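Asker:
2 protein chains.
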Amino acid sequence: MIGVDWGTTSFRAFRITANGTIRDRRDGSRGIQNLPDGRYSDTLREEIGPWLAAGEDRVLLSGMIGSRQGWKEAPYLPCPASAADLAAALVDVPFTWARVKLVPGLSATDDSGVPEVMRGEETQVIGVLAAFGGGGIACLPGTHSKWARVEAGRIVRFTTHMTGEAYAALGGHTILARMMREGAPDPAAFDSGVTRSGEPGGLLHHVFGVRALGLAGKLDAAASASYLSGILIGHEVRAALPAPGTVVHVIGTPELTALYARAIAACGGYAERHDGEAAARGLALIGGHASWG
Amino acid sequence: MIGVDWGTTSFRAFRITANGTIRDRRDGSRGIQNLPDGRYSDTLREEIGPWLAAGEDRVLLSGMIGSRQGWKEAPYLPCPASAADLAAALVDVPFTWARVKLVPGLSATDDSGVPEVMRGEETQVIGVLAAFGGGGIACLPGTHSKWARVEAGRIVRFTTHMTGEAYAALGGHTILARMMREGAPDPAAFDSGVTRSGEPGGLLHHVFGVRALGLAGKLDAAASASYLSGILIGHEVRAALPAPGTVVHVIGTPELTALYARAIAACGGYAERHDGEAAARGLALIGGHASWG
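Those protein sequence lines, which keep their order, are chains A and B. Per our numbering, the first sequence runs over residues 1 to 293. Per our numbering, the second sequence runs over residues 294 to 586.
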């Protein structure tokens, strides 16, 4: 089958064998936001045409392609949800050259009843946690980081943290902007920020410290971005880590999972890092449960 | 004497009697950032000329006018510092028509050794807390909110919280911007945000909830700005309030002190609200200790 993780800004397709092995892949920037006037069908055919010609006829799509702004809306499925539950809720999309189905996103509420949604991450979480006895905690860092809990193969709840976007907004649109100079990541400054996030005073005080330390000559411009990143990621991890000693499966790019692994270790957890192929494994698992007719 | 609270964007002058009563005042926008090429001397003469003509010859300035970017730099005085300590560290400025002195800012370190500075707020804190037995907690909300502790007439420590600027950056430069519509303040939404700040998940999760609640139709655009404000001010107050039952002297505009008073009460403290004349009283007190030669 063919699995596609089709997001807002990226398009990643995998040709997958029945047992989940990736035979071939395509990565590109043809996310839904980068396509003119909903050219989804033509784009898909252009990207995976050679695989269709080679005999593939099942295509499973996950990510923002199934949102209201995408090809067709696949309504959110409420948690808890397993790979089989997701497979039973797939939405068909008309496509001349193969059967195409969309994975729905998931909805949940946090402990206080505030609603949550995810779209695309559910497939990555399923892809990773099936390999670990069907249970655990997954973290997908990014613009809007997700933390999900899986029990007995079902995603039971999750929360979102606006960490990546808060980093960009605070570092780029406040008085901190003039202290910042993007440079090579500074692991020592990042670690200091993570430590800082555990001290009294709260996040809004800690971020002001980026300026105060800079003014006092105790933090140079090149280190300030890593220090701010450490403060914010540290606050996220401390709020989201369920208990000391928890194993967290971190899914994402090597750069980001490395930072989160450092922060999780500093906050008393254990991190297992996973790369972007989590999506391919999740698509294979959900596709394996699906009724292709 | 004449006291002037001369900040980055505002100029507020007071003609004060020997016992601290305000006889006359001038408010304007001639802050140091709004003046061409350091026209400080001319501006001061234009603003207070009639009072000088009436016989005043002592002028005390507080605020950013004493910064490196101002008229002349008045180096930070380390905490703890009383009105008398500040008076002993005044910096003279040449001015043809009267004796002019600058109040220095204060420096401190927080409980973790991170440096802090203030300039202008020290005078307002002195102005308020002298009336309350010389001790207590003051909060000056704003772009960079300050919380100061006064013991026996001396400012002993303070912290800064980037609340106002974080509100502008998160509300204006993230995905929340499209949920927001500035409108009349919504007290119920503000209170919900303050309550939210005390729930699990942390600030970065709570701010994402502004979007999640909006998407779910549970928070309308007009209420979202007040809700975000409540989340951020709630986090500030919870981090800065020393203990339940603490009385906090909140100094600022009526709009802002009203919001902080609501949040402080919701977080278990008691708020006493003070207006901008705190600066005039502080200038009178410090001026009364000064040696005018």
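C-beta: ideal position from N, C-alpha, C; glycine also. Values in this document were obtained by computation on a predicted structure and should not be read as measured data.
Would you check if there are 3 or more beta carbon pairs closer than 8 angstroms linking the stretch 164 to 174 of chain A to the stretch 220 to 234 of chain A?
Answerer: Verdict: yes, contact present.
Asker: For the stretch 173 to 190 of chain A, list every residue whose C-beta sits within 7 angstroms of some C-beta in chain B, in sequence order.
Answerer: Residues His173, Thr174 and Ile175.
Asker: Does B/Thr453 pass the burial test, meaning 16 or more other C-beta atoms within 10 Å, or should it be called exposed?
Answerer: Locating residue 453 of chain B in the second sequence gives position 160, counting from the first residue. It is buried - the Cβ of B/Thr453 has at least 16 other Cβ atoms within 10 Å.
Asker: Could you have a look at B/Phe501 and say whether DSSP puts it in helix, strand or coil?
Answerer: Here residue 501 of chain B refers to the residue found at position 208 of the second sequence. Here B/Phe501 sits in helix by DSSP.
Asker: Would you mind sorting B/Gly538 into buried or exposed? The rule is 16 or more other CB atoms within 10 Å of its CB.
Answerer: Residue numbering aside, residue 538 of chain B sits at position 245 when the second sequence is read from its first letter. Exposed, by the Cβ-count rule.
Asker: With distances taken between CB atoms, is the gap from A/Leu106 to A/Cys79 smaller than 8 angstroms?
Answerer: For this step, residue 106 of chain A is matched to residue 106 along the first sequence. For this step, residue 79 of chain A is matched to residue 79 along the first sequence. Yes. Within cutoff.
Asker: Output the distance between the C-alpha atoms of A/Val194 and B/Ser438, rounded to the nearest integer angstrom.
Answerer: Translated into positions along the first sequence, residue 194 of chain A becomes position 194. Translated into positions along the second sequence, residue 438 of chain B becomes position 145. Spanning the two alpha carbons is a distance of roughly 23 angstroms.
Asker: Considering only their Cβ atoms, is the gap separating A/Gly120 from A/Met64 smaller than 8 angstroms?
Answerer: Within the first sequence, residue 64 of chain A is the residue found at index 64, counting from 1. Within the first sequence, residue 120 of chain A is the residue found at index 120, counting from 1. The answer is yes: Cβ separation under 8 angstroms.
Asker: Which same chain residues end up closer than 6 angstroms to A/Ala74 when comparing Cβ atoms and leaving out the 5 residues on each side of it in sequence?
Answerer: Within the first sequence, the letter at position 74 stands for residue 74 of chain A. Around A/Ala74: Gly66, Val91, Leu102 and Pro104.
Asker: Give me the subset of the stretch 110 to 143 of chain A whose CB atoms are less than 9 angstroms from a CB atom of chain B, sorted by chain position.
Answerer: Those would be Asp110, Asp111, Ser112, Val114, Pro115, Glu116, Val117 and Thr143, in chain order.
Asker: List the residues of chain B that A/Glu165 touches, going by C-beta distances under 7 angstroms, in chain order.
Answerer: In the first sequence, the residue the question calls residue 165 of chain A occupies position 165. By Cβ distance, chain B contributes Thr467 and Ile468.
Asker: What are the uninterrupted segments assigned as alpha helix (DSSP H) that are 4 or more residues long and contained completely in the stretch 423 to 487 of chain B, given in chain order?
Answerer: DSSP runs (the alpha helix (DSSP H)) wholly in the stretch 423 to 487 of chain B: 456 to 465.
Asker: Is it right to say A/Trp292 is buried, meaning 16 or more other beta carbons lie within 10 angstroms of its own, or is it exposed?
Answerer: As a working mapping, residue 292 of chain A is identified with position 292 in the first sequence. Counting Cβ neighbours within 10 Å, A/Trp292 comes out exposed, since fewer than 16 surround it.
Asker: Do the CB positions of B/Leu497 and A/Val117 come within less than 8 angstroms of each other?
Answerer: If you number the second sequence from 1, residue 497 of chain B lands on position 204. If you number the first sequence from 1, residue 117 of chain A lands on position 117. No; because the gap between Cβ atoms is not below 8 angstroms, this pair is not in contact.
Asker: Could you check which residue in B/Ala346, B/Val503 and B/Ser322 has the C-alpha nearest to that of B/Ala470?
Answerer: Here residue 470 of chain B refers to the residue found at position 177 when the second sequence is read from its first residue. Taking only the C-alpha atoms, the option nearest B/Ala470 is B/Val503.
Asker: Does the beta carbon of A/Met162 sit closer than 8 angstroms to a beta carbon anywhere in chain B?
Answerer: Against the first sequence, residue 162 of chain A aligns to sequence position 162. With 8 angstroms as the cut-off, A/Met162 counts as an interface residue toward chain B.
Asker: Output the boundary residues of the beta strand (DSSP E) element that contains A/Asp5.
Answerer: Taking the first residue of the first sequence as position 1, residue 5 of chain A is located at position 5. That run of the beta strand (DSSP E) goes Ile2 to Trp6.
Asker: So which residues of chain A does B/Glu670 contact, with C-beta pairs closer than 7 angstroms?
Answerer: For residue 670 of chain B there is no data in the structure shown, the boundaries of chain B being 294 and 586.
Asker: Quick check: is the beta carbon of B/Leu345 nearer than 8 angstroms to any beta carbon in chain D?
Answerer: You won't find chain D in this structure, because its protein chains are A and B.
Asker: Counting contacts by CB-CB distance shorter than 8 angstroms, is B/Val500 in contact with chain A?
Answerer: By 1-based counting over the second sequence, the position of residue 500 of chain B is 207. Yes, because at least one Cβ of chain A sits closer than 8 angstroms to the Cβ of B/Val500.
Asker: Tell me which residue opens and which closes the alpha helix (DSSP H) that B/Thr550 is part of.
Answerer: Here the question's residue 550 of chain B lines up with position 257 in the second sequence. Here the alpha helix (DSSP H) through B/Thr550 covers Pro547 to Ala559.
Asker: The alpha helix (DSSP H) that contains A/Asp85, what's its start and end?
Answerer: As a position in the first sequence, residue 85 of chain A is number 85, starting the count at 1. Taken as a continuous stretch (DSSP letters only), the alpha helix (DSSP H) holding A/Asp85 covers Ala83 to Ala88.
Asker: Let me know if A/Tyr40 comes out buried or exposed under the rule of 16 or more other beta-carbons within 10 Å of its beta-carbon.
Answerer: If you number the first sequence from 1, residue 40 of chain A lands on position 40. Buried, since its Cβ has 16 or more Cβ neighbours within 10 Å.
Asker: Considering only residues of the same chain and omitting the five flanking positions on each side of A/Arg45, which have a CB-CB separation below 7 angstroms?
Answerer: Locating residue 45 of chain A in the first sequence gives position 45, where the first residue counts as 1. Here the set comprises Trp97.
Asker: Going by C-alpha to C-alpha distance, which of B/Gly527, B/Leu379, B/Val500 and B/Ala431 sits closest to B/Leu256?
Answerer: Residue 256 of chain B lies beyond the stretch modelled for chain B, which goes from 294 to 586, so this question has no answer here.
Asker: So B/Pro408 is in the beta strand (DSSP E); what residue range does that whole segment cover?
Answerer: On the second sequence, residue 408 of chain B is found 115 positions in, with the first residue counted as 1. Start and end: Pro408 to Met411.
Asker: Can you tell me whether B/Glu415 is buried or exposed, with buried defined as 16 or more other CB within 10 angstroms of its CB?
Answerer: Position 122 of the second sequence holds residue 415 of chain B. So B/Glu415 ends up on the buried side.
Asker: Residues of chain A with CB under 7 angstroms from B/Leu463, in chain order?
Answerer: Taking the second sequence and counting its residues from 1, one reaches residue 463 of chain B at position 170. Here the neighbours are Ala166 and Ala169.
Asker: For B/Val352, list the residues DSSP reports as bridge partners.
Answerer: The sequence position of residue 352 of chain B within the second sequence is 59, counting from 1. According to DSSP, B/Val352 bridges with B/Ile295 and B/Val393.
Asker: Within the same chain, show all residues whose beta-carbon is closer than 8 angstroms to that of B/Arg370, passing over the 5 residues directly before and after it, in chain order.
Answerer: Within the second sequence, residue 370 of chain B is the residue found at index 77, counting from 1. Position check: residue 370 of chain B holds Leu in this sequence, whereas Arg was assumed. Here the set comprises Asp378, Leu379, Ala382, Pro397, Gly398, Leu399 and Ser400.
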